[in-house]
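*Asks:* First the structure, then my questions, so here it is.
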Amino acid sequence: TYLLVLIIFYTIDPNYFFFSLSLSLSLSLSLSLSLSLSLSLSPSIRLLLFFPAVVLLDTTAVLGELGWMTYPVNGWDAITEMDEQNRPIHTFQVCHVMEPNQNNWLRSNWISRQEAQKLYVELRFTLRDCNSIPWVSGTCKETFNLLYLEADDPHGPAARFHAADYAKVDTIAADESFTQTDLGDRVLRLNTEVRELGPLARKGFYLAFQDVGACIALVSVRVYYKKCPSTLRNLAAFPDTVPRVDSSSLVEVRGACVEHAEERDTPKLYCGADGDWLVPLGRCVCSVGHEESDGLCLGECYCVDAASHPPARSLSLSLSLSLSLSLSPSLPLSLSLSLSLSLSLPLSPSRPADAFFVQRRRN
1 TYLLVLIIFY TIDPNYFFFS LSLSLSLSLS LSLSLSLSLS LSPSIRLLLF
51 FPAVVLLDTT AVLGELGWMT YPVNGWDAIT EMDEQNRPIH TFQVCHVMEP
101 NQNNWLRSNW ISRQEAQKLY VELRFTLRDC NSIPWVSGTC KETFNLLYLE
151 ADDPHGPAAR FHAADYAKVD TIAADESFTQ TDLGDRVLRL NTEVRELGPL
201 ARKGFYLAFQ DVGACIALVS VRVYYKKCPS TLRNLAAFPD TVPRVDSSSL
251 VEVRGACVEH AEERDTPKLY CGADGDWLVP LGRCVCSVGH EESDGLCLGE
301 CYCVDAASHP PARSLSLSLS LSLSLSLSPS LPLSLSLSLS LSLSLPLSPS
351 RPADAFFVQR RRN
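The UniProt record's numbering puts the last residue of the sequence shown at 363; the count rises by one with no breaks.
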């Protein structure tokens with residue numbers, strides 16, 4: 001599934017990946033065969049794949065109209081087009097660069113924050129280079145403002161479009177702006193910016209975008225928060241956990257022993273700000289009559305004296321061959337491939353193992 005997702009991302013933007021192919025040579029006591037694929041991802045894609053994010057808003061996934069509010073009516077324009085799969089693409093555009101003192105507002109619908117106090121807003125947008133627009137002198141800008149307004153009730157009175165009513169997150173600028181030449185060559189200079197929002201105290205909020213005289217196309221907006229996923233460690237289960245607002249502090253979570261296990265030391269994990277589990281402490285052990293298998297305590301077992309059933313012994317020899325191949329640097333994929341075989345030679349035991357015990361699971 002991850003590979004399919006990565007291929008989709010590659011078709012959207014190949015710059016998410018970097019390519020390298022290598023095959024290595026090594027000699028050891030076993031010969032094995034394996035195939036592996038490794039990829040180097042951009043931070044936003046790595047977050048999506050490996051650190052669980054709860055998405056509260058994604059304009060690219062909305063099938064109907066967004067219904068966002070604009071002020072004044074001749075400010076931001078909502079444009080909906082269909083892609084190759086007949087899915088809507090929602091964009092908002094504004095480009096009143098010829099007139100001074102612009103104050104154009106775009107506001108989202110009410111968004112529930114759920115259990116999060118800190119959120120992340122990912123914006124994808126294009127912005128026109130003012131130097132590429134003739135006769136605009138000092139009226140053209142190359143930034144816009146991101147703001148938010150907290151509210152408990154989605155059906156409360158409509159908020160006014162006054163900057164004093166909103167909390168400003170940041171002034172957003174483009175890393176790459178497009179020119180008239182880019183338009184003629186159909187080159188898309190798409191920027192991605194991520195900003196933190198919070199701490200939040202009320203049940204929900206509105207996002208707002210204030211244009212002060214730039215030429216902008218807002219392509220997508222995604223709002224999400226991170227959490228540490230539920231997991232099993234050291235025979236203990238830990239629930240999914242939302243990190244603290246303060247990125248420097250960890251959330252201590254106590255685990256519960258799985259079935260047929262008991263505490264040896266109190267099992268604990270710490271939830272980090274990026275949604276990853278850190279610093280495992282303590283553990284559970286399987287109760288008498290059970291054995292650990294794949295993180296669980298399963299079945300009953302009985303013991304057999306290995307003096308009458310000596311353990312099988314063998315000698316394994318392994319050889320690994322490695323080859324390095326360098327492809328075009330522009331090909332954005334990192335692939336690692338290895339091949340192995342296993343050869344085992346049985347040997348008779350060198351000495352009796354009268355103190356050795358073998359556990360077998362009862363069928």
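Ideal Cβ placement from N, Cα and C applies to all residues, glycine included.
Determine the DSSP secondary structure at A273, reduced to helix, strand or coil.
*Replies:* A273: coil per DSSP, three-state reduction.
*Asks:* Three-state secondary structure (DSSP) at S108?
*Replies:* Looking at S108 - three-state DSSP - the assignment turns out to be coil, as it is neither helix nor strand.
*Asks:* Inspect the beta-carbon positions of N191 and A174 and report whether they are closer than 8 Å.
*Replies:* For N191 and A174, yes; Cβs fall inside 8 Å.
*Asks:* In three-state DSSP terms, what is N191?
*Replies:* Reduced to three states, the DSSP call for N191 is strand.
*Asks:* Would you kindly report the start and end of the unbroken beta strand (DSSP E) that includes P229?
*Replies:* Looking at the DSSP string, P229 is not in any beta strand (DSSP E), and its letter there is neither H nor E.
*Asks:* Determine the closest residue to P267 out of V136, V253 and S220, with distance taken between C-alpha atoms.
*Replies:* Of V136, V253 and S220, the residue nearest in Cα terms is V253.
*Asks:* Could you pull the DSSP bridge partners for D77 from this structure?
*Replies:* Q93.
*Asks:* By alpha-carbon positions, which one of Q85, C286 and S108 ends up nearest to L149?
*Replies:* When each option's Cα is compared against that of L149, the closest is S108.
*Asks:* Please classify R113: is it buried, with 16 or more other beta-carbons within 10 angstroms of its beta-carbon, or exposed?
*Replies:* Buried: at least 16 other Cβ atoms inside 10 Å.
*Asks:* Where does T126 land, buried or exposed, given buried means 16+ other C-beta within 10 angstroms?
*Replies:* Buried: at least 16 other Cβ atoms inside 10 Å.
*Asks:* What number of angstroms, rounded off, separates the C-alpha of A164 from the C-alpha of T59?
*Replies:* Going from the Cα of A164 to the Cα of T59 covers about 27 Å.
*Asks:* Using CA coordinates, which residue listed in V169, S220, R264 and R124 is at the minimum distance from T80?
*Replies:* Nearest of V169, S220, R264 and R124 to T80, Cα basis: S220.
*Asks:* May I ask you to check if the CB of V121 is nearer than 7 Å to at least one heavy atom of the ligand SAM?
*Replies:* For the structure depicted, the ligand SAM is absent and the ligand set is empty, with no information on it obtainable.
*Asks:* Pull up the distance between the alpha-carbon of K141 and that of L188, whole angstroms please.
*Replies:* If I take the Cα positions, the gap works out to 19 Å.
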